[in-house]
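*Asks:*
2 protein chains.
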Amino acid sequence: MNMPNVQYKNLDASAAFQKLREHRPERALSELLTAERIDKFEVDAAGGLRYNYAAKHVDSTTLDLLQQLADEQQVIEKYRLVLNGEVMNTGEGRMVLHHLVRGQAGDAVTEDGRNLREFYKEQQGRVNKFAAKIHSGEIRGSTGQLFDTVVQVGIGGSDLGPRALYLALQNYQGRETNGSNRRPRLQAYFISNVDPDDAAEVLSRINLESTLFILVSKSGTTLETLTNEAFVVDAMKKSGVPGLQPKKHIVCVTSETSPLAKPGEYLDAFYIDDYIGGRYSGSSAVGGTVLTLAFGKEYFTQFLEGAHEADTASLEPDIRRNASLLDAMIGVYERNVLGYPYTAVLPYSQALSRFPAHLQQLDMESNGKRVNRNGEPVGYSTGPVVFGEPGTNGQHSFYQLLHQGTDIVPVQFIGFHESQLGVDVKFEDSTSQDKLNANLAAQIVAFAKGSSNSNPNKSFPGGRPSSLVYGKQLNPRALGALLAHFENKVMFQGFVWNINSFDQEGVQLGKTLAKQVLGKGDVAPELASYASRLSVRRS
Amino acid sequence: MNMPNVQYKNLDASAAFQKLREHRPERALSELLTAERIDKFEVDAAGGLRYNYAAKHVDSTTLDLLQQLADEQQVIEKYRLVLNGEVMNTGEGRMVLHHLVRGQAGDAVTEDGRNLREFYKEQQGRVNKFAAKIHSGEIRGSTGQLFDTVVQVGIGGSDLGPRALYLALQNYQGRETNGSNRRPRLQAYFISNVDPDDAAEVLSRINLESTLFILVSKSGTTLETLTNEAFVVDAMKKSGVPGLQPKKHIVCVTSETSPLAKPGEYLDAFYIDDYIGGRYSGSSAVGGTVLTLAFGKEYFTQFLEGAHEADTASLEPDIRRNASLLDAMIGVYERNVLGYPYTAVLPYSQALSRFPAHLQQLDMESNGKRVNRNGEPVGYSTGPVVFGEPGTNGQHSFYQLLHQGTDIVPVQFIGFHESQLGVDVKFEDSTSQDKLNANLAAQIVAFAKGSSNSNPNKSFPGGRPSSLVYGKQLNPRALGALLAHFENKVMFQGFVWNINSFDQEGVQLGKTLAKQVLGKGDVAPELASYASRLSVRRS
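Protein chains in written order, with the working numbering: chain A, 623 to 1161; chain B, 623 to 1161.
1. In chain B, which residues lie less than 9 Å from proline 881 of chain A when you measure between Cβ atoms?
2. For asparagine 996 of chain A, count neighbouring C-beta atoms within 10 Å of its own C-beta (all shown protein chains included) and say buried if the count is 16 or more, exposed if not.
3. For the region 1053 to 1060 of chain B and the region 1094 to 1113 of chain B, state whether three or more C-beta atom pairs, one from each stretch, are separated by less than 8 Å.
4. So aspartate 856 of chain B contacts chain A; which residues on that side make the cut at Cβ distance below 7 Å?
5. Taking just the CA atoms, how far does serine 758 of chain A sit from phenylalanine 769 of chain A?
6. Could you check whether the Cβ of glutamine 809 of chain A sits closer than 8 Å to any Cβ belonging to chain B?
7. Along the chain, where does the alpha helix (DSSP H) that runs through leucine 705 of chain A open and close?
8. Would a check of beta-carbon distances place glutamate 1148 of chain B closer than 8 Å to chain A?
9. Measure from the alpha carbon of serine 1151 of chain B to the alpha carbon of each residue in A/Phe1049, A/Leu882, A/Thr843 and A/Ala1063, then state which is nearest.
10. Could you tell me which of B/Ala822, B/Thr849 and B/Ser1089 sits nearest to serine 946 of chain B, measuring between CA atoms?
11. Check the Cβ-Cβ distances between proline 963 of chain B and every residue of chain C, and say whether any is below 8 Å.
12. Among residues of its own chain, excluding the 5 on either side of arginine 957 of chain A, which ones have a beta-carbon nearer than 7 Å to its beta-carbon?
13. Can you tell me the Cα-Cα spacing of serine 960 of chain B and asparagine 815 of chain B, whole angstroms?
14. Taking the beta carbon of arginine 1159 of chain A as the centre, do at least 16 other beta carbons fall within 10 Å, making it buried, or is it exposed?
15. For the region 901 to 913 of chain B and the region 778 to 786 of chain B, state whether three or more C-beta atom pairs, one from each stretch, are separated by less than 8 Å.
16. Measure the Cβ-Cβ separation of valine 718 of chain A and phenylalanine 1124 of chain A and say whether it is below 8 Å.
17. Does arginine 716 of chain A have its Cβ less than 8 Å from a Cβ in chain B?
18. Give a yes or no on whether 8 Å exceeds the smallest Cβ distance from valine 628 of chain A to chain B.
19. Enumerate, from N- to C-terminal direction, the unbroken alpha helix (DSSP H) stretches of 4 or more residues contained entirely within the region 817 to 901 of chain A.
20. Considering just the uninterrupted stretch of the alpha helix (DSSP H) at alanine 950 of chain B, what are its terminal residues?
21. Could you have a look at leucine 1156 of chain A and say whether DSSP puts it in helix, strand or coil?
22. Checking 8 Å against the spacing of the C-beta atoms, do arginine 807 of chain A and leucine 915 of chain A come in under that value?
23. Expressed to the nearest angstrom, what Euclidean distance is found between the alpha-carbon atoms of aspartate 1029 of chain A and glycine 990 of chain B?
24. Tell me which residues share the same chain as glycine 972 of chain A and place their Cβ nearer than 7 Å to its Cβ, disregarding the 5 neighbours each side in the sequence.
25. Step through the CB atoms of chain A and report whether any lies within less than 8 Å of the CB of isoleucine 1030 of chain B.
26. Report yes or no: do three or more beta-carbon pairs, one from the region 915 to 925 of chain A and one from the region 1093 to 1105 of chain A, lie closer than 8 Å?
27. In the region 818 to 833 of chain B, which residues sit with their C-beta less than 7 Å from some C-beta in chain A, listed in chain order?
28. In whole angstroms, what is the alpha-carbon distance linking alanine 907 of chain B and isoleucine 941 of chain B?
29. Considering only their Cβ atoms, is the gap separating proline 1032 of chain B from tyrosine 962 of chain B smaller than 8 Å?
30. Is the CB of glycine 778 of chain A under 8 Å away from at least one CB in chain B?
31. State buried or exposed for glycine 1072 of chain B, treating a residue as buried only when at least 16 other CB atoms are found within 10 Å of its CB.
32. Please report whether the beta-carbon of phenylalanine 1009 of chain A lies at a distance below 8 Å from any beta-carbon of chain B.
33. If you measure from the beta carbon of alanine 667 of chain A to each beta carbon in chain B, is any gap under 8 Å?
34. On the criterion of 16 or more Cβ atoms from any shown chain inside 10 Å, does lysine 870 of chain A qualify as buried, or is it exposed?
35. Alpha carbon to alpha carbon, what distance is there between proline 999 of chain A and proline 1147 of chain B?
36. Which full runs of the alpha helix (DSSP H) of 4+ residues lie inside the region 718 to 742 of chain A, going along the chain?
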C-alpha cells in the first residue's frame, strides 16, 4: 500500500494558523458580496452539485492561508491513508472504510487475505438479490402475505442516516427506472427509541403479516435495539395470528462476529464490519438494505455512485477546487478565528427535513472532542453545535435570531432548481418552486448585506455568512454526493484539529451509569435519587 | 385595570447583575450535586410537573442574586401588565393575550366594549360545536363522505406548535374520556413549506373526499399558506371527483378583519386576533381547531387547564417557588454570566419528538433580538440557540459533544414516570420505560459529575449543567403546563433583557427581497445572480 509519511500536530502548533489569526478581510462582507464574486467563488461539488461560498467572509488572502493550513496539516495525505486502509481510528485501533463501501478511491484494502471492497460489494449484491425476491413475492411473510412494509429497528447511525435518506428519496418510490416492474416498493417505518411508545406507535400503524423488520446493530449488543426486537417479537406472539413466526419476519444487519449473525435463526443476515462507523454507515448495508427494499437497487446504486464521485473529487489538494475541503477549512476559520460556536444547516427542500438531524450526529459525534488523537487536551475549540430545519419553514421560526440576534450563526444553505414530484401551481404569477428558491436567494443576500432603517428594530446588521450547495434536483446521485460532501468535510476538519473523528467514547459513561441503575448493586446516592424521582423500578 | 408602575432598564444597568457577575459558587458542580441537594432544589411546576435544578451550577447566593435581579427588573409586575392587557408588544402597538385564551389570570381585558376572554371562549365554543358535528357526521364532505382526516395548512407558529402538540397527544387518539362515543377522531397532517413537494406528498396520502383542510393565517396574507391553499384547491379541481367542492372542505382560522374571514365562502371560519402571536398561538383556535378535531374537546380543555394552572403559578414572585421564573433566571445566568450561547432541550419521551422544534421557534424568535424595547442596541447577549431531539436517540448522536466537546452546552431534560400507551416488554429484567428513565437519570449525573479515567479519551470532565422537568405522564394537562412553562420562561427572560419578546421584525427583510425576485422590477445584481443560479423564473 502507498502510505504517505505524515505528521500529526495540533492546530495551534501550525504556522499557517498563527497567520490566519492575524488576518481579517479589509472590507465587510456586505461590501464584498458582488455578482462578480458570486460567479468566482464557486466550485463543483460532484453529483451535479455546486458549492458557492461568495457569502462567506473570506478574501483571497484568507483562502491562501487556509490552503497553507490544509497543506501543513496534510489533510489530503491523511485522507489517502483513510482510503488505503491505515488504522486512522486510533482509539479503537480500526481502519475507517465507509468510502470503500461505495467505490475504490484508493489502493486495495485487504484483511486476512480478504479484499474488503469485494466483501462490501458482495453484501450489497446479497441485499439486491434478497430485495428482488421480496419485490417479486418469492419471499413472503410466514403466513404467506406479500411484504409491503419494512421497519428499520436501530438507533443512532442505524436510524438517523437511513431515515434521513429514506425521506429524501421517498418521492422516488414507485417511479421505476425501467418499465419492467411497476409494483410499488416497500413503505418504510423506523423504530429507534427505547421509549416503549415509539415501538407501540409504529406497530399500531402496520400489518404484522406483511411487515419485514430489519434489526440493525453492528455489535449485536445495542440495548435499545435488542429491547425493541423483544418488543416486536412480543407483539407478534400476542397478535394471535395463526402461523405467524416472528423470526421469519426479521433480517439482521450486523457484523459477522455478532450475536445477531444467525442467518438460520432469522430470515437472513447482511454484514458490515468494524470499519464502518455508525454515523458513516448510510451507504453500507445499514442504509442499503432498507433503501433497496424501499426504492429498488437502481436508485441505491445511483446514490452510491454520487457518493463515490464526491469521494474522488475530495482528493484534490487545491482547496479552491475541492468543495468539501473548502467547506471544512472555512468552517475551521469561522470556529477558531471568528469564534462562532454553531452552524445552521438549512435545506430549501422538504425532502431533506431530517437531513440536518443526520448532519447533527455526523458532525457533533465526530468532532465533539476535547482531546487530540494522542489523548492530550486541546487548547482550542473543536466541533460546533449543528442544527437546522428546512426553509421556508425556518424563516417563520428561528431565522429571527439569525437575522437580528446578538450573535452570528453561520449558515449552510442547500437548494435545487426543480422539485422532486414536479407537481406545482402558479399563484400570484409564480410557481411554488420559484417562490421557494426566490426566498433562498433572498435570505443569502439579506444575511450578508442586511438593511438599515430609521427604526432600529427594523434594521438588519448584515455580515452574517452563509454558503450554498445547489443542484438541478435532489435525485439519488445528488443525495449521495451531498452526504459524502459533509462526511468528508467533517473528516477534514478532524484532521485540522488533530482529533480522532471516528470514535465516540463520550457515549459510554451514560450507558455505564444506566446499567448501574437497572442492576442489583448499590449506586451513588444522587443517581438513586434521580432514578427514584423518575420511578425507575430497580431489579 | 390594575397597572403597576414599572420601569424599564437594560440588564447591564441592573445593580444585581453587577453583583451576579462577580459571584461564582465556591465548589464545582460535580461536588455540589448530592442527594440532599436534589431533594432541596426542586419546585412544583403546575400540571403535576416538578422542576428540579439541583444539577445547575448555582448556590444559594446565586439564587439570592437572581431573585434580586428578577425583582429589580420587575418581571412579575411586567407579567401582570401582560395579563391585564397593557400594550406590551410595543413595536407593533399590541396587547399580548395568549394567556387569556386559556383562563383569566389577571383583570378583565376589553376592547371596544368587548370582553376578550369571552371572545376567545366563544371561539373555542364554536370550534367545539363544529368538531362535534364533524365527529357525528352532521357535517360531511361535499360528496357526502364522513371526514376522517384533517390537514392543517399554515407555517411558523401555525405549524410548529400545533404539530408538536398533535404528536404529543397522538397516542390519546381514540381513547375517549367517556364511553358515549367510541368513533376514532380525525387523523391529522400538516402542510407548511412552500416547497411544492410538501403539499404534493401529503396530498398523495389522503382521500380528498374525506379530508377537511384548516387554513391558518392570522393576517390572511401569509404567502406560503395562500399558495398552499391554491395548491390544495387545484388538486381538488384536477381530481375529477364529481361534485367535489373545494371551499366546502376548508375552514379558516384567521382574524376577523382578514381576507380569509369569509365563513360564507368557506365551510366555516374561527377567529383569533392581533394579540395572539403566532408562536404563542398553540392554545388559541390556531392549535385548538386541529387538536379538537383530532382528539375531542375534553382533551383540549384539559390541555388549556394545565396551561392556565402554570400561568397562575407563574405569578409567584419568589423565584424558588416559581418554576418558569427560576428556569428563566438560571438561563440568564448561564447566558450572560457563564457565556453559554446555546441550550439543548432533551425530552425522554418519543411523543415530544417535535417539541424541541417548537421551543426553538418560541425562544429564538421571541428573544433573538439585538435592540431593547426602545430600539437601542444592547451590550449583552440575548436569546440563545435552542436545539434538541428526544432521548435516548440523542445519546447515540450528538451527546458525544455534550459530554466531551470543548464547549459546555446547558441541557433541559424532560421525563415522565409512565409511557402513554402502557404497552411494554421486559427485556433483561427491566421494562423499556425503566430503561428510558434509567438512562435519563444516568445522563444528568454523568453530565454533572463526569468520570476520570487513565485514558484521557475515556475521561469525562463533568461540570455540565442540566435541569429536569418531570411528571407522572405526558397527558393533556401536563402538556399544557409544559408549554406554558416555556412560554413564560421566555417572556420572563425578555423582561430581564429589556427586549420585546413579542414581535419578529427580523423575518421581514427576506420576505421583501423574495418579493423583489418574484416581481417584474430590477433587483440588485447579487440577488439576481443567486436567483439565476437557482433557476428562478422571474415574471
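C-beta atoms are modelled at their ideal positions from N, C-alpha and C, and glycine is treated no differently. Remember, predicted model here, so these are calculated numbers, not experimental data.
*Replies:* With the given structure in hand:
1. Chain B residues near proline 881 of chain A: none, gap ~13 Å exceeds 9 Å.
2. exposed
3. no
4. Val1047
5. 10 Å
6. False, the Cβ-Cβ gap to chain B never drops below 8 Å.
7. Counting along the chain, leucine 705 of chain A sits inside the alpha helix (DSSP H) bounded by residues 697 to 705.
8. It does; some Cβ of chain A falls within 8 Å.
9. A/Ala1063
10. The shortest Cα separation from serine 946 of chain B among B/Ala822, B/Thr849 and B/Ser1089 belongs to B/Ser1089.
11. No chain C appears in this structure, whose protein chains are A and B.
12. Leaving aside the five residues that flank arginine 957 of chain A on each side, the residues in its chain whose CB is nearer than 7 Å to its CB run, in chain order, Ser1003 and Pro1006.
13. Note that residue 960 of chain B is leucine in the sequence shown here, rather than serine. When rounded, the distance between both Cα atoms is 37 Å.
14. exposed
15. yes
16. yes
17. Chain B, which has no Cβ nearer than 8 Å to the Cβ of arginine 716 of chain A, makes this no.
18. no
19. 818 to 825 and 845 to 860
20. 945 to 954 is the extent of the alpha helix (DSSP H) around alanine 950 of chain B.
21. coil
22. Yes, these two residues count as a Cβ contact at 8 Å.
23. 9 Å
24. The identity of residue 972 of chain A in the sequence shown is glutamine, whereas the question assumes glycine. Correct list, in chain order: Pro1012.
25. For isoleucine 1030 of chain B, the closest Cβ of chain A is not nearer than 8 Å.
26. yes
27. Pro818, Asp819, Asp820, Ala822 and Glu823
28. 32 Å
29. yes
30. yes
31. The residue in question, glycine 1072 of chain B, is buried, as its Cβ has 16 or more Cβ neighbours within 10 Å.
32. With 8 Å as the cut-off, phenylalanine 1009 of chain A counts as an interface residue toward chain B.
33. no
34. Flag for lysine 870 of chain A reads buried.
35. 47 Å
36. 720 to 724
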